[in-house]
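Chains as they are written, first to last, in the numbering used here: chain S, 1 to 167; chain V, 1001 to 1167.
Built from N, CA and C at the ideal position, the CB exists for glycine as well.
Beneath this line is the structure, given in C-alpha cells, with notes to follow.
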DNA sequence: TTAAACTTTCAAAACTTATTGAAAGTTTAT
DNA sequence: ATAAACTTTCAATAAGTTTTGAAAGTTTAA
C-alpha cells in the first residue's frame, strides 16, 4: 500500500466512524485530513482533497472549531485562512470526552433524574420504573465522572494507572 | 409529572440517545419500553405502546436479541412470543461494551494497523501520517483493552477501583 | 393435512440528514 | 470609498435511513 492509498483509506475509515462518536461524515473526514497533514490547509485545499463543496467545508470546519479540535491559523502576507487540527492525541481524546459529556450525558442525566422522581404509588410498574431509571442515572453518572476525571487530570497519570491495573 | 408522562419522556429520551450508541430510534425505544416493564411484552403490546408497525417491531426486536440485550420468553399455554430486556444494568453495560468493541473498535484497529504500516519514504507527510495513525492505534487499543477488562472481570471490582482512584 | 395464529421479509414510501452552489456578507489593501 | 479576495449563509436538492404494510413464511393445534 502506498501513501495515497493509505491516506484515502484512513480518511474513509475515520469518516464512517464519525457518525459513531456523534459527528457527520464530512466533519470527520476533514478532521482526519488535517490530523495527518504536517502543514495547515486552506479551505480550498480541503475542498479539493475531499471533493466537497465550499459551503459544506465552511460549515464543518466551523463545527470542528466549535468542538475545539481544529484551529484557525494564518500565514504572514496571506489573506486566506488556514486550518490545522489538534495533533496531540491525549488532548484530542480529552476534548472529545468533554464535548460528549456536555452535549449528551448531562442532558440525559437531567431527564433521568426528573423522571425517576415521580411519586411512588406502590404499583409494580411504577416501582419498576423508578428502580430502573435510578439505576440508569447511577450508571450514566459514574461513566460521566470517570470521563471528567480523565479530562481534568493529567490524562497520562490516569492512563498509566489504568494500564497497571489492567496488565 | 405522572407515570404516563414520565414513561413517555424516558422512552423518548432513550430513543434519541440511541443514535449515539449506534442503534436506531425504534430499536432504542423498544429497549426502553422493555427495560421498564415489570412483565414481558408481546409484539402486539410493543406496537401499540410505541405506535410502530409490525414489520418495524419485528426487525428491531430481532436486532436487540442479536445485541444480546433482549430475550424471547414464552408463556405457558400461549402461542405468542413475549419479550423482556436485560434488567441488570451492569450486564447491560457489559453487553453494549462488548458489542461496540466487536462492531467498531476491532475493525478500526485493523485499518489503523494496516495504514500505519506503509513504508517510510522519509518525506514529512509520510512521517506525519505514520506517527499520527500509530498514535491513534495506541489510543483505540488502550480504550478497547480498558473496556474489555471491564467486560470480562466482575465489573464491580473495577468500578470500585475506579471510584477509589477518582475520589 | 389443514387452517388459524403468529412472525418475518422486502419493495415502496416517508422521513431525516447532508450537500450543493449561488448570493450575501465580510475583510483587507490601495 | 472601492474592489478584490475570501468566507458564510441558506433554500433547494440529493442522498441516506427508517418505516410501513401486505405477502410470504412458519409453527402449532386439532
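Per DSSP, the beta-bridge partners of residue 1081/V are 1074/V.
For the segment 10 to 36 of chain S, the residues whose beta carbon sits under 8 angstroms from a beta carbon of chain V are, in order, 10, 13, 17, 20, 22, 35 and 36. Note on geometry: alpha-carbon atoms of residue 90/S and residue 1015/V lie some 31 angstroms from one another. Looking at the DSSP output, residue 41/S bridges to 83/S.
When Cβ-Cβ separations below 8 angstroms define contact, residue 1104/V makes contact with chain S. DSSP, reduced to helix, strand and coil, places residue 1013/V within a helical segment of the structure shown. The continuous stretches of alpha helix (DSSP H) do not include residue 1103/V, and DSSP gives it neither H nor E. Neighbours of residue 115/S in chain V, taken as residues whose beta carbon is under 9 angstroms from its own, are 1001, 1005, 1006, 1007, 1009, 1010 and 1013 in chain order. Residue 41/S is positioned such that its CB atom lies closer than 8 angstroms to that of residue 82/S. Counted as a single uninterrupted DSSP element, the alpha helix (DSSP H) harbouring residue 67/S occupies residues 54 to 67. In this structure residue 118/S touches residue 1003/V by the C-beta definition: roughly 6 angstroms separates them, less than 8 angstroms.
Closer than 8 angstroms to the CB of residue 1128/V there is at least one CB belonging to chain S. Look at residue 1038/V: its C-beta is under 8 angstroms from a C-beta on chain S. In this structure, residue 111/S sits away from residue 1080/V, with a CB-CB distance that is not shorter than 8 angstroms.
Contact of residue 93/S with chain V by beta-carbon distance below 9 angstroms involves 1139 and 1143. Contacts between residue 1046/V and chain S, judged by CB atoms closer than 9 angstroms, are missing: the closest CB pair is about 15 angstroms apart. Chain-order list of chain V residues neighbouring residue 135/S: 1089, by C-beta distance under 7 angstroms. For residue 1051/V, the secondary structure class from DSSP, reduced to helix, strand or coil, is coil.
Between the segment 28 to 42 of chain S and the segment 50 to 70 of chain S there are three or more C-beta pairs closer than 8 angstroms, enough to call the two in contact.
Excluding residues up to 5 positions away in sequence, 1082 lie with their Cβ nearer than 7 angstroms to the Cβ of residue 1075/V in the same chain.
The Cβ atoms of residue 1105/V and residue 1116/V do not sit closer than 8 angstroms to each other.
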